[in-house]
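Take a look at the structure:
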């Protein structure tokens, strides 16, 4: 049995925004939230699991009625804790309160910044005043000594300005890191698939550009502040392999894909996907999920209220399905002939269900899968 090294806690599903791409389907109307006592109990059980990393998210976590009590407790725990926020509900009073509750600045704060105002008003439906407030929050938190990062979600709306946005955040706002991730097709993103159509070309270019920036130190010592979160292996390997940059998978991104044995030794998990292996998520409804992107999908596990989380982790049928399904997936074409099959595991089960209505199908977003089925007329 593999046990998780990180967990996500959705403090509330309520949010002051209504972003097009929100996989949590958060909004003002969704009032689900965890209490301070429930979060403390979760943290205590996470210690028993040997967790290293904790993520406090929403919705917008600041809207949780016990937010500051939770933050004080989290800052005192032996985890590397990241607080994910949209930055809109902070002012001088709340930032100063946070400083007092976390005097050692143990919390890392990550704020969403997907582009300039012209982009974010389309994607996050915000006003210019709100955009300026986000920028001001980043500046203030940095000035008070917090480690601040930005998160950018790549899609057709944000891709064209993505590198400029990252450079602005690093050079002008002096953030400590920028994490870029691809839009994930769950929650409200399912209703807005148009911002994913034809996205692969933009994504590949972005991966190649960032790889070259990091490889050549094009931005000097700031080059290493930009990172990409790859949900699936092919999001990394396909762009670089097709550009003749295979060695950079390891040399730049540090991932050893030369054999499944070396990969397993390096990552401590069987396949690239962390779901049900090294990651768990607890929703504001107190339900356990195999990963943060699976929240409110049919892949949810048991409700944890009054239960031992370790027991749920070990015995839940949905989690164990995630751990056992991969061999069936990679036995199918074209995965069965892919050099990465024993590492990739056939991509994402959530995406397979969403796009093909078949959770056993090879991930239909993978270029190799698309090319194969375009030729053989089975999926497309």
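Numbering (the working numbering), first residue to last: 866 to 1245. Here a beta-carbon is modelled for each residue, glycine too, at the ideal position from N, C-alpha and C. Keep in mind it's a predicted model, so treat the numbers as computed, not measured.
Spatially closest choice to residue i from the options, by CA coordinates
i            : options                : result
residue 1136 : 1195, 1084, 1177       : 1195
residue 1012 : 1090, 1021, 1047, 1050 : 1090
residue 895  : 886, 907, 880, 885     : 880
residue 1038 : 936, 1068, 976, 1026   : 976
residue 1003 : 989, 951, 1144         : 951
residue 992  : 1005, 882, 1058, 899   : 882
residue 1028 : 1059, 1071, 1151       : 1071
residue 958  : 1009, 946, 974, 982    : 1009
residue 944  : 961, 912, 868          : 912
residue 1200 : 1238, 998, 1081        : 1238
residue 987  : 1059, 935, 933         : 1059
residue 1156 : 1192, 1188, 1119, 1235 : 1188
residue 1118 : 902, 1142, 1073, 1064  : 1073
residue 982  : 973, 972, 1221, 995    : 995
residue 1225 : 1232, 1192, 1127       : 1192
residue 903  : 1032, 1173, 1222       : 1173
residue 924  : 1148, 1129, 1066, 970  : 1148
residue 921  : 972, 1186, 999         : 972
residue 1205 : 1221, 1227, 1185       : 1227
residue 953  : 984, 1005, 910, 1170   : 1005
residue 1233 : 892, 1076, 974, 1203   : 1203
residue 969  : 1213, 955, 949, 936    : 936
residue 1111 : 1056, 948, 1076        : 1076
Residue interval of the beta strand (DSSP E) (run including residue i)
i            : result
residue 1046 : 1042-1047
residue 872  : 871-875
Cutoff 6 Å; reference residue i; Cβ partners in own chain excluding five residues on either side
i            : result
residue 1230 : 1216
residue 967  : 940
residue 929  : 876, 877, 898
residue 871  : 918, 1144
residue 980  : 1023, 1026, 1030
residue 1165 : 1152, 1154
residue 1181 : 1166, 1167
residue 884  : 989
residue 1207 : 1125
residue 1235 : none
residue 955  : 1002
residue 1131 : 1121
Delimiting residues of the alpha helix (DSSP H) encompassing residue i
i            : result
residue 1129 : 1125-1132
residue 1028 : 1027-1032
residue 901  : 901-914
residue 889  : No alpha helix (DSSP H) contains residue 889, which DSSP labels as neither H nor E.
residue 918  : Where residue 918 is concerned, there is no enclosing alpha helix (DSSP H), although the beta strand (DSSP E) it sits in stretches over 918-922.
residue 938  : 932-940
is_contact[residue i, chain C] using C-beta, thresh 8 Å
i           : result
residue 877 : Looking for chain C here will not work: only one protein chain is present.
Sequence-distant residues of the same chain with beta carbon closer than 8 Å to residue i, five excluded per side
i            : result
residue 1051 : 888, 1158, 1159, 1160, 1161, 1162, 1215, 1219
residue 1068 : 1019, 1024, 1047, 1100, 1104
residue 932  : 876, 926
residue 915  : 868, 870
residue 1032 : 1084
Close beta carbons around residue i, own chain, < 7 Å, minus the five adjacent residues each side
i            : result
residue 1078 : 1084, 1088, 1091
residue 905  : 938
residue 1198 : 1237
residue 997  : none
residue 1034 : 978, 1015, 1040, 1043
residue 1049 : 888, 1096, 1158
residue 962  : 933
residue 942  : 908
residue 843  : Since the first residue of the chain shown is 866 and the last is 1245, residue 843 is not available in this structure.
residue 866  : 1179
residue 1139 : 1156
residue 1244 : With a pLDDT of 36 at residue 1244, under the threshold of 50, the predicted position of this residue should be treated as unreliable, though the coordinate-derived value follows. For residue 1244, where only same-chain residues beyond five positions count, the Cβ hits under 7 Å are 1221, 1229, 1238.
residue 1210 : 1136, 1137, 1138, 1191, 1194, 1195
Only counting runs of 3 or more residues, tell me where the beta strand (DSSP E) segments fall wholly within the region 942-1025, in order along the chain. Taking only runs of at least 3 residues, the beta strand (DSSP E) segments lying wholly in the region 942-1025 are 945-950, 973-977, 1012-1019.
Which runs of the beta strand (DSSP E) spanning at least 3 residues fall entirely within the region 1133-1161, listed in chain order? 1144-1147
What are the start and end residues of each continuous alpha helix (DSSP H) run of 4 or more residues lying completely inside the region 1046-1128, in chain order? 1064-1081, 1099-1107, 1113-1116
Entirely within the region 1153-1234 and at least 4 residues each: give me those alpha helix (DSSP H) ranges in chain order. Taking 4 residues as the shortest admissible run, the region 1153-1234 contains the following complete alpha helix (DSSP H) segments, listed from N- to C-terminal end: 1174-1180, 1182-1189, 1191-1195, 1206-1209, 1214-1221.
Would you say the region 1174-1190 touches the region 1102-1118, given that touching needs at least three Cβ pairs under 8 Å? no
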